[in-house]
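Presented below is the structure to which this report refers.
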Amino acid sequence: GVIVRQRGKYLHCMGYSFDGNICLAAEEVLYLAERSQLAVLTAMTPTAEPVSIKELYAMVIDPGTEAPPKPARALTPISLRAYWVYAHMRGLGFVVFRAFTHRATEIATPQAVDSPAFEAYEPDAFNSKRSMGTPSFYVIVVNYRADAPSLSRLADIIRACHGVNLKMAVVSCDGTVLMFDVASGLPALPNAGPALSAARAPSPGPSTSGPS
559 GVIVRQRGKY
569 LHCMGYSFDG
579 NICLAAEEVL
589 YLAERSQLAV
599 LTAMTPTAEP
609 VSIKELYAMV
619 IDPGTEAPPK
629 PARALTPISL
639 RAYWVYAHMR
649 GLGFVVFRAF
659 THRATEIATP
669 QAVDSPAFEA
679 YEPDAFNSKR
689 SMGTPSFYVI
699 VVNYRADAPS
709 LSRLADIIRA
719 CHGVNLKMAV
729 VSCDGTVLMF
739 DVASGLPALP
749 NAGPALSAAR
759 APSPGPSTSG
769 PS
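In terms of my numbering, the sequence shown is numbered consecutively and its last residue is 770.
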C-alpha cells in the first residue's frame, strides 16, 4: 500500500521506501486500519469511499498459506496467524518489520515454512529505518496444531540468525499467541545426537509484558 497523505508519527517505525514512495506492508495496513489510524482507498477520486475492515481482511489475508511473509515490496498477502503475531508484538510495544525487509538487496521467497517471519526491536533501541541496527530478535510463526521445527532445523535457523535471538510464536486457531525463547548452546545429553547439542527445545519466555 502506498502512502499518499500522512499524519502522526507511525511511519517512523512502520513502512518502507520503494520507487520513491513510502509503502506499508499488508499487516501494517490492517493493523493501522483496525485502530482507525488509516483510511485505505482503491481509487484517488473525490467520491472514493474507504475500504471496510472486512474488505481489507479479504485483500491482505491469504487463508491458504502458512508460509512466512516475503520481505515487503508490495501488498503481499500474509497468513492470518502471521498477522496475529504481528499485532501481538506491536501491542506489547515492539517495533516490528518483516524479516530482512530493510536488509536484503534481492527479495526472495523464503525457502521453508519455518523461516523467520518478522524481526523485532525494543523501542528504546530503535533509531530510524535508515539506521536500524541489529534486531532484538527474529520470530518464526508456528501453528499450534502443526509439528514444531525439529531440533536440527532449529539449529540451522539459529545459525542463520548470526547471533540474534530467536523466538517461536505458537498461534492457536482463536488468535492466542504464546512466545517462546529458542536458545542454543545446550550441552550434549547422554546418547543425544548432534542436533541436541546444537539447540534445545523452546522454553517459555515472557509473553504478557512489553519491552523493558
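Think of the CB as a built atom: it goes at the ideal place given N, C-alpha and C, for glycine as much as any other residue.
Taking 7 Å as the cut-off, decide whether the C-beta atoms of residue i and residue j are in contact.
i: Val735; j: Val643; result: yes
i: Pro681; j: Tyr696; result: no
i: Thr659; j: Tyr589; result: no
i: Val722; j: Pro693; result: yes
i: Val779; j: Ala640; result: Given a span of 559 to 770 for the chain in the structure shown, any question on residue 779 remains unanswerable.
i: Leu614; j: Ala597; result: no
Applying the criterion that 16 or more other CB atoms from any shown protein chain within 10 Å of the CB defines a buried residue, is residue i buried or exposed?
i: Asp672; result: buried
i: Pro707; result: buried
i: Arg656; result: buried
i: Gly578; result: exposed
Near residue i, what residues of its chain come up, given a Cβ to Cβ distance below 7 Å and the 5 sequence neighbours on each side ignored?
i: Met572; result: Leu582, Glu586
i: Pro635; result: Ala584, Val618, Ile619, Asp620
i: Pro608; result: Ala597, Val598, Leu599
Specify, as a first and last residue, the run of the beta strand (DSSP E) that residue i falls within.
i: Ser575; result: 574-576
i: Asp739; result: 735-740
i: Arg656; result: 653-656
Which residue's Cα is closest to the Cα of residue i: the options?
i: Gly779; options: Leu638, Val609, Ile611, Lys612; result: Within the shown structure, residues of the chain are numbered from 559 to 770, placing residue 779 beyond reach of any answer.
i: Met726; options: Arg593, Ser710, Tyr702, Gly578; result: Tyr702
To which residues of the same chain is residue i closer than 6 Å at the C-beta, ignoring the five residues directly before and after it?
i: Met647; result: Val654, Ala678
Can you tell me where the alpha helix (DSSP H) holding residue i begins and where it ends?
i: Glu677; result: Careful: Glu677 lies outside any alpha helix (DSSP H), inside the beta strand (DSSP E) at 676-679.
i: Met647; result: 638-649
i: Met726; result: Where Met726 is concerned, there is no enclosing alpha helix (DSSP H), although the beta strand (DSSP E) it sits in stretches over 723-729.
i: Met617; result: 611-618
i: Val587; result: 584-592
Is residue i near the ligand SAH, going by C-beta to nearest heavy atom under 6 Å?
i: Gly578; result: Ligands displayed in this structure: none; no statement on the ligand SAH is therefore possible.
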